[in-house]
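Asker: Take this structure, written in structure tokens, and hold onto it; I'll ask about it next.
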Amino acid sequence: MTAAISLISSAPGVRRVPGFDPARPERAAADEDDALMARVAEGDQRAFARLVARHSPRAQALAHRFTGAAGEAEDIVQEAFWRVWRSAGRWTPGGARFSTWLHRIVVNLCVDHDRRRRIRRLLPFADAFDPPSDDVGPERTIVGRGEMAALRIDIGKLPARQRAALLLSADGERSNAEIATVLQTTEKAVESMLVRARRTLRGKLAARGEM
Amino acid sequence: MTDSAALETLSLRFDAYGPALSHWPEREAAEARALFARSAEARRIQKQANLLAELVERAAEAEAPNGLAFRIVGEVAARRADRFSWLMGSPGRFGFAGASFCVAALAVGVALGAFAEPQQTGATVANLDLGAAFEVSLVDGDL
């Protein structure tokens, strides 16, 4: 599969995504975020509250689907916004979009959280440390919410970076270049992660007869 | 490229770029459209990619809990207040630590002074035989 991925990645023009300019429709929103960040840097709490209201639902959804638990996701999003508040003075308007920066913080916190959880699982009495996930378990999947719950479990089992790339691409609004910026990697690496993630999911869906 | 190889490439491109051809590089999108026109299997692959994308999009949705933004703003305000009070308490805290360090250093110094064996006293200096050195200095003077 690696050869096939490189076949795609080495295709001429693969870096360009013609007809797709995510910045244009969201430029006004990005400018407003820049203005709000400038006010946050001066200690304006109302501007901060407005930023939180604009961006927290999407950040929460990303962290929730990454961790599989709403409570843990909220802790992550709170920590991310605390970092936004502390770093507001270093924000440079006109550079990366605020949402890209915020999602980078959220993804990094999610990956750290995932790593810590995997280490904790090696410890005795690991269940005492891990709060239960609010996703349905495999035994409830069949009689519960069916294929959607099973798919969420499958997504949760993907390697952390593949999971992050897939969730960032899920709404179809971000280009692979933007996802690469969030994940601090190359577009080629993002394509590779997405190919692996989607192939894994398709295989599992096919095995359950859902595709 | 044979059709089977083209179909394999098409499938990989769907996985890499997603189902919306508008997100694809122009040349690859044109190749895909040409393939859809002549191959039912290509259209089946496209349908499958759309289905997977739709399922993943639905699986990735999560409603924000009620009061999320309010709690985040409250948490950040509380952390700011904690940080402020910690900084305000710092002179007292560090002053106490500094005074404790001085007292401890003084106590150690007194203890060393009281119990340590003297290395060299005035008497030992007085008992030194400086005769040889004196003679050498006289010879040096003659030279």
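For the protein sequence lines, the chains are A and B, in the order given.
Oh and the first sequence: position 77 is 77 in my numbering, straight run, nothing missing.
Oh and the second sequence: position 115 is 115 in my numbering, straight run, nothing missing.
Ideal Cβ positions, reconstructed from N, Cα and C, are used throughout, including at glycine.
Are the C-beta atoms of S175(A) and some chain B residue less than 9 Å apart?
Answerer: True, the Cβ-Cβ gap to chain B drops below 9 Å.
Asker: Here's the rule I'm using: 16 or more other beta-carbon atoms within 10 Å means buried, otherwise exposed. How should G209(A) be labelled?
Answerer: Burial call: exposed.
Asker: Using CA atoms only, rank isn't needed, just tell me which of A28(A), L151(A), G172(A) and S56(A) is closest to G203(A).
Answerer: With distances taken between Cα atoms, G203(A) lies closest to L151(A).
Asker: Distance check for L62(A) and F36(B), CA to CA, integer angstroms please.
Answerer: Answer to the nearest angstrom: the Cα atoms are 34 Å apart.
Asker: Quick one: what's got a C-beta closer than 8 Å to V77(A)'s C-beta in the same chain, skipping five residues either side?
Answerer: Once the five neighbours on either side are set aside, the close Cβ partners of V77(A) are S56, A59, Q60, A63 and V106.
Asker: If we count the other Cβ atoms within 10 Å of its Cβ and call it buried at 16 or more, is D33(A) buried or exposed?
Answerer: Burial call: buried.
Asker: Which value, in whole angstroms, describes the spacing of the CA atoms of G123(A) and E72(A)?
Answerer: Here the sequence assigns Leu to residue 123(A), which means Gly is not the residue at that position. Computed Cα separation, rounded: 20 Å.
Asker: Taking only beta-carbon positions, decide if D44(A) is within less than 9 Å of chain B.
Answerer: Answer no: the Cβ-Cβ gap between D44(A) and chain B never drops below 9 Å.
Asker: Counting beta carbon pairs with one atom in the stretch 178-186 of chain A and one in the stretch 69-89 of chain B, are three or more of them shorter than 8 Å?
Answerer: Judged by Cβ distances under 8 Å, the stretch 69-89 of chain B makes no contact with the stretch 178-186 of chain A, as fewer than three pairs qualify.
Asker: Out of S192(A), V40(A), L158(A) and A165(A), which has the shortest C-alpha to C-alpha gap to F81(A)?
Answerer: Of the candidates S192(A), V40(A), L158(A) and A165(A), the one whose C-alpha sits nearest the C-alpha of F81(A) is V40(A).
Asker: To the nearest angstrom, report how far apart S175(A) and A70(A) are at their CA atoms.
Answerer: Looking at the two C-alpha atoms, the distance is approximately 27 Å.
Asker: Less than 9 Å between CB atoms is the rule here; does I142(A) satisfy it with respect to chain B?
Answerer: Residue confidence is low: I142(A) scores 43 on pLDDT, short of 50, so the model does not pin down where it sits. Its coordinate-derived value is still stated next. Judged by the 9 Å Cβ criterion, I142(A) is not in contact with chain B.
Asker: Going along the chain, which unbroken runs of the alpha helix (DSSP H) with 4 or more residues stay wholly within the stretch 34-86 of chain A?
Answerer: Qualifying alpha helix (DSSP H) stretches, in chain order: 45-67.
Asker: Taking the alpha carbon of A170(A) as the point to measure from, which residue in P19(B), V73(B) and G113(B) has its own alpha carbon closest?
Answerer: Of P19(B), V73(B) and G113(B), the residue nearest in Cα terms is P19(B).
Asker: So, helix, strand or coil for D129(B), using DSSP?
Answerer: Coil, per DSSP.
Asker: Do three or more CB pairs link the stretch 37-55 of chain B to the stretch 2-13 of chain B at distances below 8 Å?
Answerer: Contact between the stretch 37-55 of chain B and the stretch 2-13 of chain B is present, because at least three Cβ pairs lie under 8 Å.
Asker: Would the beta-carbon of G160(A) fall within 9 Å of that of R115(A)?
Answerer: Here residue 160(A) is Ala; the residue named in the question, Gly, does not match the sequence. For A160(A) and R115(A), yes; Cβs fall inside 9 Å.
Asker: Compare the C-beta of S169(A) with all C-beta atoms of chain B and state if any pair is closer than 9 Å.
Answerer: It does; some Cβ of chain B falls within 9 Å.
Asker: Check whether the Cβ of D3(B) lies closer than 9 Å to any Cβ atom in chain A.
Answerer: Closer than 9 Å: no.
Asker: Grouping DSSP H, G and I as helix and E and B as strand, with all else coil, what is W91(A)?
Answerer: Reduced to three states, the DSSP call for W91(A) is coil.
Asker: What is the DSSP secondary structure of S6(A), counted as helix, strand or coil?
Answerer: Interpretation of S6(A) is limited by its pLDDT of 48, a score under 50 that renders its predicted location unreliable; no figure is taken from the coordinates.
Asker: Of all the options R86(A), I119(A) and L183(A), which has the alpha carbon lying nearest to the alpha carbon of N108(A)?
Answerer: If we check each option's Cα against that of N108(A), L183(A) comes out closest.
Asker: Closest by CA to F48(A), which one among V73(B), E28(B), V103(B) and A114(B)?
Answerer: When only C-alpha atoms are compared, the closest one is V73(B).
Asker: Taking the beta carbon of P12(A) as the centre, do at least 16 other beta carbons fall within 10 Å, making it buried, or is it exposed?
Answerer: The predicted model places P12(A) with a pLDDT of 43, which falls under 50 and marks its position as unreliable; any figure quoted below should be read in that light. P12(A) comes out exposed.
Asker: Would you report the Cα separation of A30(A) and W85(A), rounded to the nearest angstrom?
Answerer: Roughly 17 Å separates the two Cα atoms.
Asker: Which residue's Cα is closest to the Cα of W101(A): A189(A), M193(A), R46(A) and L168(A)?
Answerer: Considering only alpha carbons, the answer is L168(A).
Asker: Among E187(A), A88(A), A207(A) and I119(A), which residue has its Cα nearest to the Cα of Q45(A)?
Answerer: Here the closest residue by C-alpha is A88(A).
Asker: Measure the alpha-carbon distance for D3(B) versus F14(B) and round it to whole angstroms.
Answerer: Looking at the two C-alpha atoms, the distance is approximately 16 Å.
Asker: Answer with yes or no whether the minimum CB distance from E147(A) to chain B is below 9 Å.
Answerer: For E147(A), the answer is yes, since a Cβ of chain B falls inside 9 Å of its Cβ.
Asker: On a CA-only basis, which of D140(B), L21(B) and S39(B) is nearest A5(B)? Give me that one, please.
Answerer: Among D140(B), L21(B) and S39(B), the Cα nearest to that of A5(B) is on S39(B).
Asker: Rounded to whole angstroms, what is the Cα-Cα separation between D154(A) and E63(B)?
Answerer: So the two alpha carbons sit approximately 20 Å from each other.
Asker: Note down, in chain order, each residue of its chain lying with its Cβ closer than 6 Å to the Cβ of A35(A), except the 5 sequence neighbours on either side.
Answerer: There are no such residues.
Asker: Looking at the secondary structure, which residues open and close the alpha helix (DSSP H) in which N50(B) lies?
Answerer: Element bounds for N50(B): A40 to A60.
Asker: Could you say which of S99(A), A165(A) and T186(A) lies nearest to A28(A) if we only look at CA atoms?
Answerer: Closest by alpha carbon: S99(A).
Asker: If you follow the alpha helix (DSSP H) that Q184(A) is in, where does it begin and where does it stop?
Answerer: Taken as a continuous stretch (DSSP letters only), Q184(A) belongs to no alpha helix (DSSP H), as it is neither H nor E.
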